[in-house]
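Each protein sequence line maps, in turn, to chains A and B. The letter at position 484 of the first sequence is residue 478 when you use the numbering used here, and the numbering goes up by one with no holes. The letter at position 35 of the second sequence is residue 101 when you use the numbering used here, and the numbering goes up by one with no holes. Positions of the beta carbon are idealized from the N, C-alpha and C atoms, including for glycine. What follows is a short report on a single structure.
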Amino acid sequence: MSTATITPPLTFAGAPASAWAFGIRIWIAVVVALAASFWLELEAPSSSAVTVAILAAPTRGAALEKAYYRLIATFIGVTAAIAITGLFSQARDLLLVAFAAWIGLCVYAAGLMHGNRAYAAVLSGYTVALVAIQQIDTPEHTFETGVARGAAIAVGIAAIALVNDLLAAPDSFPQLVSKLAALQRRVRDYAKSGRRDEATDTATAVGLLRDVAALHPEMASLGSESASGSMRSAAARSTAVALVAEVYAARALKAVDATTRPVVPLSDWASREFQRRDAEVRQGLSALHAGTRPPQAWRTPLYRSHPIAAAAGIRAAAWLALPAAFFVLAGWPAAAVSLSLVVIVIGLGAATPDPKGFAVMALIAAPIASALAGTLEFLVLDGANEFALLALALAPFVIGATVLTTLPNRLLSALGRLNLIFVLVIFGPSNPPSYNPQTFLFTSLFLCIGVALLLFAQLLIPTLSAPHRQRRIMASTQRDFEHPLFHHNWRLAPEEAMFRDATRIAQIPTGGTSPQDSAALAEALSYFDRAAASRICRVSLARLAGTKLSHYEAEAETALAAQDTQRLCDVASNLRHAARAEHDLAEQISSDLVVAAAVIDAAEHPAAPPKESVS
Amino acid sequence: MMHEFSELVIGSVFVAPFVGYAVMALAIVLAIRPILHLCRFGQLFSHPAVAELSLYVTILGLLTVAF
């Protein structure tokens, strides 16, 4: 017997070596960005360092994709800033109202998107804060500020891209391959597990669908990684869609095993279907690994709720209006800087599932970042003018915060991310360095006040509650199910529509403890099963068009629309008997119909009411 | 002989010629990506990212010298 030895990953001070390498890369990129900005005598050199901090991602593809969207969003934001300033340059209050409306619009757009696109939408919003609001008393400088910011961001992006390329930052796709392969193993285990109690079954299936849907941003980021990136991205998308279809096939297999209908042996058919889906996932994985085109190019449509996004947008505008009104009425100096930081917190929070939690985190991070920036500026550097000293002094702050972002603890990770950005914003490296204690004190104080005000505004106008969002999503699930040809569904392949349904299930908010949550998830999964079964049957039935058996198509369609499983089985049986020439086709279609009947039966009459919670 | 660079003027705003070269080189690299994929460019090198960066720098250099 041989034993395999697994080398444990190298760790230092509790963090793996890869996290330290990531930290050092970000520090070098910050230093390169600052050096280039100082050399080019840019007006806003600290923006380039902050750009590097915002784009800090452990893999090359993720950083590049975010950089791409950051550049586009800055362009849109600067254009909007010039337009808003041009329209309301004489009326400061109207300018703030227009700005709050623009932020609301951007947050609404972010609610309709995912990953880095959502970030770009949010960034378009807060770029206006950084460009127009900071120049609120000198609107004639808006254009110059916009150009200066654009140049600094371009330098920051070039710095991080260069450092990531030269220092061999890891690619995203090996991680994605292992995540998808692990999901495939879980789906196989799920299929093998047999029919257990309904609650565990639902929890496992929902967990699988959520985990597949959660990989969407990573799949998108593969495109920018290398010359084969677009192929890899297509392969990853197809694999994810095939995985969702495999989950459905596993559920169909269970439904067929449990069916009490006296029908032809269907287990073989359902298990062949499961094997076919499994093979599709395998092919997708090998295409992803090799960087070749996948056999099937499936898209990954996302479910987005317009009412929920609109509600989030209106709230974001209101949250901004309160601190903005406070700062305007107070008439303090440096209020613009803190207002722009508040906007960053609103914007970045909008891209997270829990904006209020993010604001709380920002409130904790703000004093820590102020203390750290003060230590860096007045204790460590304390009047030093040499660039080498600045670079060395930045090292512990940047590397430490970056390593924190990689930790599994979500609190520490969020604190690390916020501190990395806040420290650089408050410190604001410039050439020559200013070392102005008054600026530092005002910026730190207003940052803390601004975030506290934001949290207060969020308490006054709370986010859309989880049960409310749950109801909205469930209503849209039901509407889509009752009108299968409604909206965008008609253009999607059954597998793609299944993926869209999986992303909808992933968005159902659940605390994880209440029986209502479990019931909502079970209902959503039941709709998922029935919709998938109906779509697969419709595609199969379309193959009957032009044959002598085409009249069965309309009959089966009616049975599907009514979810009449007995009638579906009757049509399947008639079809099987009537077929002469197209025997194989009729056999396949009738099997699909009977499997659909079993799935619909199982979805409508679950074995036992849900008892357990879903985590 | 000195190489003369023509200023890039967008809406009466002067932009450094280098910015134009950098953007053009990026566009060229992105345009030839499908060809690089067909040539299995990534598999020729141990660090394809560095190879692609070098290609970008080469194209940028050629553009600067040629135009």
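Would you kindly work out how many angstroms separate the C-alpha atoms of residue i and residue j, rounded to a whole number?
i: residue 451 (chain A); j: residue 534 (chain A); result: 54 Å
i: residue 428 (chain A); j: residue 110 (chain A); result: 35 Å
i: residue 5 (chain A); j: residue 136 (chain A); result: 48 Å
i: residue 129 (chain B); j: residue 92 (chain B); result: 11 Å
i: residue 191 (chain A); j: residue 198 (chain A); result: 11 Å
i: residue 437 (chain A); j: residue 177 (chain A); result: 47 Å
i: residue 395 (chain A); j: residue 238 (chain A); result: 37 Å
i: residue 127 (chain B); j: residue 151 (chain A); result: 20 Å
i: residue 650 (chain A); j: residue 300 (chain A); result: Any property of residue 650 (chain A) remains undetermined from this structure, which presents chain A solely from -5 to 609.
i: residue 12 (chain A); j: residue 585 (chain A); result: 51 Å
i: residue 557 (chain A); j: residue 467 (chain A); result: 22 Å
i: residue 455 (chain A); j: residue 104 (chain B); result: 55 Å
i: residue 420 (chain A); j: residue 434 (chain A); result: 7 Å
i: residue 589 (chain A); j: residue 246 (chain A); result: 7 Å
i: residue 145 (chain A); j: residue 597 (chain A); result: 57 Å
i: residue 27 (chain A); j: residue 289 (chain A); result: 42 Å
i: residue 65 (chain A); j: residue 148 (chain A); result: 7 Å
i: residue 109 (chain B); j: residue 401 (chain A); result: 33 Å
i: residue 550 (chain A); j: residue 529 (chain A); result: 12 Å
Which same chain residues end up closer than 8 Å to residue i when comparing Cβ atoms and leaving out the 5 residues on each side of it in sequence?
i: residue 537 (chain A); result: 579, 583
i: residue 90 (chain B); result: 129
i: residue 475 (chain A); result: 521, 524, 525
i: residue 499 (chain A); result: 200, 203, 204, 207, 515, 518, 519, 522
i: residue 3 (chain A); result: 10, 11, 12
Buried or exposed for residue i, please, with buried defined as at least 16 other CB atoms from any protein chain shown within 10 angstroms of its CB.
i: residue 431 (chain A); result: exposed
i: residue 563 (chain A); result: buried
i: residue 85 (chain B); result: exposed
i: residue 481 (chain A); result: Interpretation of residue 481 (chain A) is limited by its pLDDT of 48, a score under 50 that renders its predicted location unreliable; the figure taken from the coordinates is listed afterwards. The residue is exposed, with fewer than 16 neighbouring Cβ atoms inside 10 Å.
i: residue 485 (chain A); result: exposed
i: residue 21 (chain A); result: buried
i: residue 75 (chain B); result: exposed
i: residue 101 (chain B); result: exposed
i: residue 138 (chain B); result: Examination of residue 138 (chain B) is not possible in this model, given that chain B is present from 67 through 133 alone.
i: residue 126 (chain A); result: buried
i: residue 272 (chain A); result: buried
i: residue 248 (chain A); result: buried
i: residue 210 (chain A); result: buried
Find the nearest neighbour of residue i within the set the options, judged by alpha-carbon distance.
i: residue 319 (chain A); options: A:589, A:308, A:333, A:280; result: A:333
i: residue 42 (chain A); options: A:142, A:105, A:159, A:270; result: A:142
i: residue 174 (chain A); options: A:3, A:206, A:159, A:198; result: A:206
i: residue 619 (chain A); options: A:292, A:268, A:266; result: Residue 619 (chain A) is absent from the structure shown; chain A starts at -5 and stops at 609.
i: residue 526 (chain A); options: A:494, A:456, A:228, A:546; result: A:494
i: residue 124 (chain A); options: A:134, A:132, A:139, A:131; result: A:139
i: residue 113 (chain B); options: A:165, A:37, A:132; result: A:165
i: residue 131 (chain A); options: A:382, A:79, A:571, A:228; result: A:79
i: residue 571 (chain A); options: A:546, A:552, A:594; result: A:546
i: residue 31 (chain A); options: A:39, A:25, A:24; result: A:39
i: residue 356 (chain A); options: A:386, A:282, A:313, A:449; result: A:449
i: residue 296 (chain A); options: A:214, A:311, A:322; result: A:214
i: residue 233 (chain A); options: A:567, A:114, A:489; result: A:489
i: residue 511 (chain A); options: A:348, A:373, A:193; result: A:193
i: residue 229 (chain A); options: A:282, A:262, A:195; result: A:282
Which same chain residues end up closer than 7 Å to residue i when comparing Cβ atoms and leaving out the 5 residues on each side of it in sequence?
i: residue 359 (chain A); result: 409, 412, 413, 416
i: residue 74 (chain A); result: 96, 118, 122
i: residue 502 (chain A); result: 464, 467, 514, 515, 518
i: residue 7 (chain A); result: none
i: residue 62 (chain A); result: 218
i: residue 469 (chain A); result: none
i: residue 87 (chain B); result: 126, 129, 130
Give me, in chain order, the residues of the same chain whose beta-carbon lies closer than 6 Å to that of residue i; leave out the 5 immediate sequence neighbours on both sides.
i: residue 306 (chain A); result: 101, 105
i: residue 217 (chain A); result: 223, 224, 227
i: residue 418 (chain A); result: 43, 44, 47
i: residue 253 (chain A); result: 592
i: residue 643 (chain A); result: Nothing about residue 643 (chain A) can be reported from this structure: the residues present for chain A run from -5 to 609 only.
- Given a limit of 9 Å on CB to CB distance, which residues of the region 219 to 233 of chain A reach chain B? Within the region 219 to 233 of chain A, the qualifying residues are 219, 220, 221, 222, 223, 224, 225.
- Would you list, in chain order, the members of the region 106 to 128 of chain B that have their beta-carbon closer than 8 Å to a beta-carbon of chain A? 107, 108, 113, 114, 115, 116, 118, 119
- Quick one, which residues of the region 158 to 170 of chain A are near chain B if we go by CB-CB under 9 Å, in chain order? 158, 159, 160, 162, 163, 165
- Message: Along the region 401 to 416 of chain A, where does the CB come closer than 7 Å to a CB of chain B? Name the residues.
- Response: none
- Going along the chain, which residues of the region 268 to 283 of chain A sit with their C-beta nearer than 9 Å to a C-beta in chain B? none
- Going along the region 74 to 106 of chain B in order, which residues come within less than 7 Å of chain A, judged by CB to CB distance? 99, 102, 103
- Compile a chain-ordered list of the residues in the region 43 to 65 of chain A whose CB is closer than 9 Å to at least one CB of chain B. Within the region 43 to 65 of chain A, those residues whose Cβ lies closer than 9 Å to any Cβ of chain B are, in chain order, 54.
- Item | Within 8 Å of chain B by C-beta, residues of the region 279 to 308 of chain A in sequence order | 285
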